[in-house]
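Protein sequence lines correspond, in order, to chains A and B.
Heads up: the first sequence at position 211 corresponds to 211 in my numbering, and the numbers run straight through without jumps.
Heads up: the second sequence at position 311 corresponds to 311 in my numbering, and the numbers run straight through without jumps.
Quick reminder that beta carbons are idealized off the backbone N, C-alpha and C, glycines included.
Okay, structure first, notes after.
Number of protein chains: 2
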Amino acid sequence: MIGNFTYCNPTKLYFGKDALEGLKLELPKYGKNVLLVYGGGSIKKNGIYDRVVGILKECGKEIFEDGGVMPNPTYVKLCEGIARARAAEADLILAVGGGSVCDYAKAVSVSVHCNEDAWEKYFIRFEEPSCEIIPVGCVLTMVGTGSEMNGGSVITNHAEKLKIGHVFGEEVFPKFSVLNPEFTYTVPKYQMVSGIYDIMSHILEQYFSGTDDNTSDYISEGLLRSLIHSANIAVEDPKNYEARSNIMWTATWALNTLIAKGKTTDWMVHMLGQAVAAHTDATHGMTLAAVTMPYYKFILPYATEKFARYATQVWDVDPTGKTKSAVAYEGLERMEAWMKKLGLVMNITELGATREMLDGMVKSTLIMDGGYKVLGEKDVRAVLSASF
Amino acid sequence: MIGNFTYCNPTKLYFGKDALEGLKLELPKYGKNVLLVYGGGSIKKNGIYDRVVGILKECGKEIFEDGGVMPNPTYVKLCEGIARARAAEADLILAVGGGSVCDYAKAVSVSVHCNEDAWEKYFIRFEEPSCEIIPVGCVLTMVGTGSEMNGGSVITNHAEKLKIGHVFGEEVFPKFSVLNPEFTYTVPKYQMVSGIYDIMSHILEQYFSGTDDNTSDYISEGLLRSLIHSANIAVEDPKNYEARSNIMWTATWALNTLIAKGKTTDWMVHMLGQAVAAHTDATHGMTLAAVTMPYYKFILPYATEKFARYATQVWDVDPTGKTKSAVAYEGLERMEAWMKKLGLVMNITELGATREMLDGMVKSTLIMDGGYKVLGEKDVRAVLSASF
Numbered sequence: 001m002i003g004n005f006t007y008c009n010p011t012k013l014y015f016g017k018d019a020l021e022g023l024k025l026e027l028p029k030y031g032k033n034v035l036l037v038y039g040g041g042s043i044k045k046n047g048i049y050d051r052v053v054g055i056l057k058e059c060g061k062e063i064f065e066d067g068g069v070m071p072n073p074t075y076v077k078l079c080e081g082i083a084r085a086r087a088a089e090a091d092l093i094l095a096v097g098g099g100s101v102c103d104y105a106k107a108v109s110v111s112v113h114c115n116e117d118a119w120e121k122y123f124i125r126f127e128e129p130s131c132e133i134i135p136v137g138c139v140l141t142m143v144g145t146g147s148e149m150n151g152g153s154v155i156t157n158h159a160e161k162l163k164i165g166h167v168f169g170e171e172v173f174p175k176f177s178v179l180n181p182e183f184t185y186t187v188p189k190y191q192m193v194s195g196i197y198d199i200m201s202h203i204l205e206q207y208f209s210g211t212d213d214n215t216s217d218y219i220s221e222g223l224l225r226s227l228i229h230s231a232n233i234a235v236e237d238p239k240n241y242e243a244r245s246n247i248m249w250t251a252t253w254a255l256n257t258l259i260a261k262g263k264t265t266d267w268m269v270h271m272l273g274q275a276v277a278a279h280t281d282a283t284h285g286m287t288l289a290a291v292t293m294p295y296y297k298f299i300l301p302y303a304t305e306k307f308a309r310y311a312t313q314v315w316d317v318d319p320t321g322k323t324k325s326a327v328a329y330e331g332l333e334r335m336e337a338w339m340k341k342l343g344l345v346m347n348i349t350e351l352g353a354t355r356e357m358l359d360g361m362v363k364s365t366l367i368m369d370g371g372y373k374v375l376g377e378k379d380v381r382a383v384l385s386a387s388f
Numbered sequence: 001m002i003g004n005f006t007y008c009n010p011t012k013l014y015f016g017k018d019a020l021e022g023l024k025l026e027l028p029k030y031g032k033n034v035l036l037v038y039g040g041g042s043i044k045k046n047g048i049y050d051r052v053v054g055i056l057k058e059c060g061k062e063i064f065e066d067g068g069v070m071p072n073p074t075y076v077k078l079c080e081g082i083a084r085a086r087a088a089e090a091d092l093i094l095a096v097g098g099g100s101v102c103d104y105a106k107a108v109s110v111s112v113h114c115n116e117d118a119w120e121k122y123f124i125r126f127e128e129p130s131c132e133i134i135p136v137g138c139v140l141t142m143v144g145t146g147s148e149m150n151g152g153s154v155i156t157n158h159a160e161k162l163k164i165g166h167v168f169g170e171e172v173f174p175k176f177s178v179l180n181p182e183f184t185y186t187v188p189k190y191q192m193v194s195g196i197y198d199i200m201s202h203i204l205e206q207y208f209s210g211t212d213d214n215t216s217d218y219i220s221e222g223l224l225r226s227l228i229h230s231a232n233i234a235v236e237d238p239k240n241y242e243a244r245s246n247i248m249w250t251a252t253w254a255l256n257t258l259i260a261k262g263k264t265t266d267w268m269v270h271m272l273g274q275a276v277a278a279h280t281d282a283t284h285g286m287t288l289a290a291v292t293m294p295y296y297k298f299i300l301p302y303a304t305e306k307f308a309r310y311a312t313q314v315w316d317v318d319p320t321g322k323t324k325s326a327v328a329y330e331g332l333e334r335m336e337a338w339m340k341k342l343g344l345v346m347n348i349t350e351l352g353a354t355r356e357m358l359d360g361m362v363k364s365t366l367i368m369d370g371g372y373k374v375l376g377e378k379d380v381r382a383v384l385s386a387s388f
């Protein structure tokens with residue numbers, strides 16, 4: 001565990017088939033006005049909206065609606081949400097949806113009492129909030145982002161062709177999150193496997209860095225094995241509670257700060273995927289999947305030892321009589337085969353990217369320096385070119 | 001992840017060589033009067049006491065001493081601590097030491113404002129506190145118990161020959177803990193390996209239960225692999241920072257509620273070990289080590305599948321061409337060889353237990369029902385008899 005670090009994650013989680021009961025314990029802690037944030041309205045079809053509204057009324061809350069949060073929440077929508085929250089004098093923001101809805105709720109929460117431009121302050125200058133923060137609670141209906149137990153918030157600015165994430169400190173973490181695996185049953189398969197790959201990428205982005213001693217890497221290997229085991233079951237049998245619950249729990253721990261402790265982290269797959277999304281508006285997890293193999297094949301020579309460990313510990317590659325490099329590549333091959341079997345999109349063409357967008361996507365790619373190799377513009381272009 | 005559960009762990013951790021700086025951020029949050037709790041005085045020899053007192057004074061605190069907490073803190077000492085905390089009108093209890101000191105601090109924290117007998121209320125009737133709880137902070141100097149990030153508190157009542165642990169809810173968790181791996185360098189080897197085995201036993205007690213799907217089990221396997229890796233280094237080179245820091249971090253996550261989520265847990269090794277300790281006052285981790293092999297050999301036939309998984313995933317046993325049972329036993333053999341190499345005490349005779357104590361130890365053993373087999377009195381006698 002290198003360096004000095006702090007760990008604090010105060011989010012209270014209610015998990016299981018009766019998790020929504022937790023709302024009744026949490027709501028009395030906050031004032032009367034609740035901004036109810038949700039997405040395209042699927043929660044109205046599957047009954048979750050009615051159940052949440054029922055509990056809000058039972059707890060004597062005044063409900064102010066803010067629906068229509070899109071999969072890649074935009075700066076324009078954020079401005080609308082800020083205005084709604086101000087008008088409502090919201091005491092609590094309750095996000096009912098997937099990671100986008102939770103991300104959006106957090107962005108609103110730090111902007112309501114902020115006098116500056118939220119995009120400039122939080123997503124360009126990466127400043128921390130200096131104003132009062134409205135508390136956020138989540139009822140999760142889609143799995144993947146980990147937004148239910150972290151300070152992350154990703155907002156897309158279409159005018160600037162930028163999709164940028166800010167990881168806020170623990171004061172912005174949701175105060176509570178309701179995690180009922182059954183709420184994820186109605187998510188279409190495309191979204192489900194996209195979420196599963198988002199989880200996997202979160203773990204790998206933190207795993208592929210640093211030395212082999214780190215406890216965080218051992219925990220990551222455990223999470224990866226669990227995810228692969230349960231994904232294989234869920235993709236065949238989406239209503240398998242045990243599998244869906246394990247995926248949900250793995251998603252939360254994949255990105256709640258734990259497995260990044262005591263090490264540097266990479267995040268280039270996310271930076272590349274977000275650049276693709278900024279130009280195509282494609283589903284987050286699929287953008288990650290589509291750039292993964294070109295990126296990992298590019299950096300493998302800089303981290304053969306770690307990729308070989310990954311192959312043996314996660315993909316059960318037998319290293320007997322093989323070079324480290326051969327073991328490492330065999331691990332990637334197994335991963336690639338698994339991704340295809342899962343139904344992930346393996347190229348950006350299928351996501352709507354064209355060669356004409358290449359310059360723009362290269363320009364939109366933020367460069368991180370925590371991985372095994374800091375990419376130059378030429379490298380980014382090479383990886384994205386190989387992703388078509 | 002079976003059943004419904006909640007997760008919340010609000011303890012803030014400061015980790016690393018500069019972790020003590022965290023004290024300066026935390027102390028201003030509390031009132032003037034600090035009860036400074038510590039053990040036999042080793043912190044006065046290694047300079048940690050002076051550094052802590054320096055920061056307390058710098059932060060304008062009034063210090064009230066409560067030293068002499070013994071390795072198995074007693075009910076008699078607890079009563080003394082309650083009286084001291086009351087006299088000091090303590091606003092904060094700062095525990096500087098290992099798990100015993102942290103455990104003791106928590107027991108004092110829930111008893112100062114309690115009008116009932118603390119032993120009867122918390123350790124016999126297992127009630128939750130209904131009074132004001134004094135906040136606790138920890139500066140850890142020994143690794144193993146995980147007490148720095150949980151609600152556990154184990155107290156020994158010599159008059160009744162009982163050593164009993166109460167796992168309190170999150171309101172009793174330390175508000176903050178300072179984890180500097182360097183503070184553990186001066187711990188004698190006997191105590192260090194004892195702590196390492198305490199960590200291992202915490203993980204295994206939660207691992208050996210339930211089905212093979214559970215995400216918690218995958219995380220546990222990661223923690224176990226990390227612990228074995230780093231223990232092998234630390235036992236040869238006790239001042240290896242990387243190894244000691246990984247062991248410290250693993251210890252915290254081995255018992256801060258995470259890896260028990262969504263499953264039942266066993267804890268019979270602890271119940272047997274605590275019965276031995278109640279009669280011998282032997283070091284905690286050694287009592288666990290001394291009863292482990294007889295207990296696991298006893299329950300293996302009831303959980304062959306899980307012990308075989310343990311053998312392959314944690315001890316790298318090659319299962320090719322072997323029965324599940326053979327794989328499972330080979331795992332235990334590798335574990336036993338590793339324990340001996342580490343220098344653990346492998347029988348209770350060496351810890352001072354005699355055949356004359358057997359009846360008493362059997363009587364002192366609490367029976368838990370979360371493992372693969374609920375032990376009868378005859379079983380407990382058989383396991384303890386095989387531990388001499």
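Any idea what DSSP makes of residue i, helix, strand or coil?
i	result
B/CYS8	strand
B/CYS79	helix
A/ASN157	strand
B/VAL345	coil
A/PHE123	helix
A/THR74	strand
B/LEU384	helix
B/ASP66	strand
B/LEU258	helix
A/ASN33	strand
A/GLY54	helix
B/TYR302	helix
Taking C-alpha atoms, which residue in the options lies nearest to residue i?
i	options	result
B/THR353	B/THR280, B/LYS324, B/LEU342, B/ALA289	The sequence as given places Ala at residue 353 of chain B; Thr does not occur at that position. The residue with the shortest Cα to Cα distance from B/ALA353 is B/THR280.
B/VAL52	B/SER177, B/MET346, B/ALA275	B/SER177
B/HIS284	B/ILE199, B/LYS12, B/ASP379	B/ILE199
B/LEU78	B/TYR197, B/ASP66, B/ALA88	B/ASP66
A/LYS61	A/GLU89, A/VAL76, A/LYS239	A/GLU89
A/ASP266	A/ALA282, A/TYR296, A/THR287, A/ALA278	A/TYR296
B/VAL276	B/PRO28, B/THR145, B/ASP359, B/CYS102	B/ASP359
A/ASP316	A/GLY331, A/MET361, A/LYS322, A/THR304	A/GLY331
A/PHE168	A/TYR185, A/SER147, A/THR186	A/SER147
A/ASP237	A/THR186, A/THR211, A/PRO319	A/THR186
B/LEU56	B/ARG225, B/ALA328, B/LEU25	B/LEU25
B/LYS322	B/VAL193, B/ALA308, B/VAL314, B/LYS261	B/ALA308
B/ASN256	B/ASN214, B/LYS239, B/LYS121, B/GLN206	B/GLN206
A/GLY41	A/VAL69, A/LYS32, A/ARG125, A/GLU127	A/VAL69
A/LEU179	A/MET1, A/SER245, A/VAL172	A/SER245
A/ILE247	A/GLY22, A/GLY16, A/TYR218, A/ILE2	A/GLY16
B/LEU223	B/TRP249, B/SER209, B/ASN240	B/TRP249
Quick test of your reading: residue i and residue j, contact by CB under 8 Å. State the CB separation rounded to the nearest angstrom.
i	j	result
A/VAL143	A/ALA289	Contact flag wrong, Cβ pair sits at about 16 Å.
A/THR292	A/SER201	7 Å
A/VAL96	A/LEU36	7 Å
A/ALA83	A/ILE134	Rounded, the Cβ-Cβ distance is 14 Å, inconsistent with contact.
A/LEU344	A/MET286	7 Å
B/CYS131	B/PRO174	Not quite, the Cβ-Cβ distance comes to about 18 Å (not below 8 Å), so this is no contact.
B/VAL136	B/ILE164	Incorrect: roughly 19 Å between the Cβ atoms, too far for contact.
A/PHE123	A/HIS158	Incorrect: roughly 13 Å between the Cβ atoms, too far for contact.
Worksheet entry | Members of the region 245-270 of chain A near chain B, C-beta cut-off 9 Å | Listed by position, the residues of the region 245-270 of chain A near chain B (Cβ gap below 9 Å) are SER245, ASN246, ILE247, MET248, TRP249, THR250, THR252, TRP253, LEU258, LYS261, GLY262.
Fill in: Residues in the region 8-21 of chain A having any Cβ partner in chain B nearer than 9 Å
Cβ contacts with chain B come from CYS8, ASN9, PRO10, THR11, LYS12, LEU13, TYR14, PHE15, GLY16, LYS17, ASP18, ALA19, GLU21.
Worksheet item: Where in the region 157-210 of chain A do unbroken runs of the alpha helix (DSSP H), each at least 4 residues long, occur, reported from the N-terminal end onward?
Response: Complete alpha helix (DSSP H) runs here, min 4: 189-207.
Worksheet item: Taking any Cβ of chain A, which residues in the region 212-232 of chain B have a Cβ under 9 Å from it, in chain order?
Response: Residues of the region 212-232 of chain B that bring their beta carbon within less than 9 Å of a beta carbon in chain A comprise ASP212, ASP213, ASN214, THR215, SER216, ASP217, TYR218, ILE219, SER220, GLU221, GLY222, LEU223, LEU224, ARG225, SER226, LEU227, HIS229, SER230, in sequence order.
Worksheet item: When Cβ atoms are compared, which residues of the region 134-149 of chain A fall closer than 8 Å to chain B?
Response: Residues: none.
Fill in: chain B contacts made by the region 357-373 of chain A, where a contact means CB separation under 7 Å
Residues of the region 357-373 of chain A with a Cβ closer than 7 Å to any Cβ of chain B: none.
Fill in: alpha helix (DSSP H) segments (min. 4 residues) lying fully within the region 93-145 of chain B
Correct list: 99-109.
Practice prompt. Using a Cβ-Cβ cut-off of less than 7 Å, give me the residues of the region 98-123 of chain A that come near chain B, in sequence order.
Written response: Interface annotation for the region 98-123 of chain A against chain B: empty, criterion Cβ-Cβ distance under 7 Å.
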